[in-house]
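Input: a single structure, listed below in structure tokens.
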Amino acid sequence: MELFRPDIGGDLLFMDLDTSIVGTLEDIAAVDRLTVLSDFYWPTTGRIQSSLMFIPENERLAIWDAWIADPSRHMRECVTREKWGDQGFLGQFWQGRAQRWQDALPSQVVSYKCHVRKKTRSDKEFGDGTLPENARVVIFHGKPRPWEIGW
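So the sequence shown is numbered by our numbering: it starts at 30 and just counts up by one.
Right, dumping it as structure tokens:
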């Protein structure tokens, strides 16, 4: 939640440390409005995924104020599938409002489990073991981690 501190100025492009950049970020860097990921496995729920976010400065103060008012309570509450971790907390503010990377830049931001690795779940995964042609960023959510598979 440190990204939302008021003493950090400017717009932010945030990526989790286990995110792999596999192409140019030109289009991603050109995004200029609040943009987050849709949950890769459950995209129709509206839930957000926070591995890659463009956060304009003017979107951060309300988040910080709500968080800092009672961080212990938020951490206790954000433990269910519907409200999981930081993305569960952020979803309260951004669900239904934030642009989604999957809509803004189709096929440029992909999930390793859903779009790259050979599918292991026929209902949620579509990969064939190769990187999709237009992929620029590969999101690793859960296991495996990139270093566990040699990325």
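Each residue gets a CB set at the ideal place from its N, CA and C atoms; glycine is no exception.
If you follow the alpha helix (DSSP H) that residue i is part of, which residue opens it and which one closes it?
i, result
"I97", "R89 to A98"
"I57", "E55 to A58"
"Q131", "W130 to A133"
Looking only at DSSP bridge pairs, what is residue i linked to?
i, result
"F43", "M82"
"I50", "V166"
"I77", "S67"
Short of 6 Å in beta carbon distance, which residues of its chain neighbour residue i, apart from the five on each side in sequence? Order them along the chain.
i, result
"E47", "Per the sequence presented here, residue 47 reads as Asp, with Glu not at that position. Taken in chain order, the residues that qualify are F169, R174 and P175."
"D40", "P85 and E86"
"M82", "F43 and V65"
Which residues in the same chain have their Cβ closer than 8 Å to the Cβ of residue i, if we skip the five residues on either side of it in sequence?
i, result
"V51", "L160, A164, R165, V166 and V167"
"R126", "L63"
"L54", "R165 and V166"
"W96", "M30, F33, H103 and F118"
"G158", "V145, R146 and K147"
Can you tell me where the beta strand (DSSP E) with residue i in it begins and where it stops?
i, result
"I168", "V166 to I168"
"L160", "Taken as a continuous stretch (DSSP letters only), L160 belongs to no beta strand (DSSP E), as it is neither H nor E."
"S140", "V138 to S140"
"T64", "T64 to S67"
Measure the beta-carbon distance from residue i to residue j and round it to whole angstroms, keeping in mind my assumption that it falls under 8 Å.
i, j, result
"W93", "F33", "4 Å"
"G75", "Q124", "5 Å"
"Q137", "D56", "6 Å"
Once you ignore the five residues that flank residue i on each side, which residues in its own chain have a CB closer than 7 Å to its CB?
i, result
"L90", "P35"
"K153", "Y70 and C143"
"A133", "V60 and T64"
What's the gap between the Cα of residue i and the Cα of residue j?
i, j, result
"W180", "G171", "15 Å"
"S67", "A98", "27 Å"
"E31", "E106", "19 Å"
"C143", "Q78", "14 Å"
"V145", "L42", "24 Å"
"Q121", "F155", "30 Å"
"T73", "G38", "33 Å"
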